[in-house]
Amino acid sequence: MSTPQDTTALDVPSRAPARMDTPAPGDPRLARLSLNQKTVDGWSLRTAVEACAAHGIPAIGVWREPLAVAGVDASAAMIRDAGLRVSSLCRGGFFTAADGAERQSRHDDNLRALDEAAALGAPCLVLVPGGLPAGDRDLRGARARAAQAVADLVPHALEVGVRLAIEPMHPIFAADRGVVSTLAQALDIAEPLPTEAVGVVVDTFHVWWEPGIEDQIARAAGRIASYQVCEWITPLPPDALLSRGMMGDGHIDFAHLSRCVAAAGYRGDVEVEIFNAEVWEADGHAVLDTLARRYVELVEPHV
32 MSTPQDTTAL
42 DVPSRAPARM
52 DTPAPGDPRL
62 ARLSLNQKTV
72 DGWSLRTAVE
82 ACAAHGIPAI
92 GVWREPLAVA
102 GVDASAAMIR
112 DAGLRVSSLC
122 RGGFFTAADG
132 AERQSRHDDN
142 LRALDEAAAL
152 GAPCLVLVPG
162 GLPAGDRDLR
172 GARARAAQAV
182 ADLVPHALEV
192 GVRLAIEPMH
202 PIFAADRGVV
212 STLAQALDIA
222 EPLPTEAVGV
232 VVDTFHVWWE
242 PGIEDQIARA
252 AGRIASYQVC
262 EWITPLPPDA
272 LLSRGMMGDG
282 HIDFAHLSRC
292 VAAAGYRGDV
302 EVEIFNAEVW
312 EADGHAVLDT
322 LARRYVELVE
332 PHV
């Protein structure tokens, strides 16, 4: 079983001295903390689950690729036996293909993803809308296809009891990953559909910049299916996908956004989801120690 190393009292990846002691397993301030598996990208699902249990992190956001390697039923049993809960399954979506056969293939894959989420006991399936098809410049049409694809999944989501969680993505990803660029746009898609079937993800990395974000989070009351936190850092690395930083190393006001999410009634888990080459190269236990400290310092008092 994986066990945490002795703390070095240095944060990663900054190597700055830790500003507080690492919360011990059982610390009540960790009660809503979830490790999104992508934060420790080099770990297997088993390693991540065992590390969460050892560090006292009670929930995990699972990704489908390592889930497929480990097996859905075996993973569900492993997570349950470790005493953890699943905060989300990442990811479904990628709805924007212009070709009808490809859209049907994506629909079928999202049905499977909903079944996987249900088997894990995950409350939601995170949906990345998808970018523009090759050679396509019709952004409005791509968004319309994404909206229709979400609606088409509602009957199965209701059947299996898993919420579809639309994740708006920062506009730098509109071309290749997410044509839904704002929380306002995500809510426009969600609002005509049953609340119990369709919600939204509030991810600090993607929405911190959005004009009127306070009003949009308030508008999302009852629709917030997941709250994800990580930092916007500058300068951006050459691969913008890996530009998510450790909380406190960049520009986001986590206290303000967390208070907005809490005021909207969200009481679920808070996932730390970081895509960052330096974080991925660091010792995973040091990553968990750092994110626990930063979460307790910057996020937890406000949620």
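Counting along the sequence shown from 1, when you hit position 291 you're at 322 in our numbering, and nothing is skipped either side.
From the three backbone atoms N, C-alpha and C, an ideal C-beta is built for every residue, glycine too.
Please state if the CB of residue j and the CB of residue i are separated by a distance shorter than 8 angstroms.
i: residue 194; j: residue 230; result: yes
i: residue 255; j: residue 295; result: yes
i: residue 191; j: residue 146; result: yes
i: residue 157; j: residue 120; result: yes
i: residue 248; j: residue 292; result: yes
i: residue 258; j: residue 211; result: no
i: residue 180; j: residue 126; result: yes
i: residue 318; j: residue 71; result: yes
i: residue 93; j: residue 68; result: yes
i: residue 108; j: residue 152; result: no
i: residue 73; j: residue 311; result: yes
i: residue 163; j: residue 206; result: yes
i: residue 81; j: residue 55; result: no
i: residue 273; j: residue 308; result: yes
i: residue 331; j: residue 60; result: yes
i: residue 278; j: residue 260; result: yes
i: residue 185; j: residue 228; result: yes
i: residue 141; j: residue 161; result: no
Kindly identify the DSSP beta-bridge partner or partners of residue i.
i: residue 259; result: 234, 302
i: residue 94; result: 121
i: residue 276; result: 262
i: residue 116; result: 90
i: residue 41; result: 48
i: residue 229; result: 195
For residue i, does the count of other Cβ atoms within 10 angstroms reach 16, so buried, or fall short, so exposed?
i: residue 136; result: exposed
i: residue 234; result: buried
i: residue 34; result: Confidence at residue 34 is low in this model, with a pLDDT of 40, below 50, so the placement of that residue should be treated as unreliable; the coordinate-derived value is given next. Burial call: exposed.
i: residue 314; result: exposed
i: residue 322; result: buried
i: residue 226; result: exposed
Can you tell me where the beta strand (DSSP E) holding residue i begins and where it ends?
i: residue 65; result: 64-67
State the start and end residues of the unbroken alpha helix (DSSP H) segment that holds residue i.
i: residue 49; result: Note, residue 49: premise wrong, no alpha helix (DSSP H); not H, not E.
i: residue 250; result: 244-250
i: residue 103; result: 103-112
i: residue 85; result: 76-86
i: residue 311; result: 308-312
i: residue 318; result: 315-325
i: residue 285; result: 285-294
i: residue 214; result: 214-221
What are the complete alpha helix (DSSP H) segments, minimum 4 residues, inside the stretch 152-210? Listed in chain order, they are 170-191.
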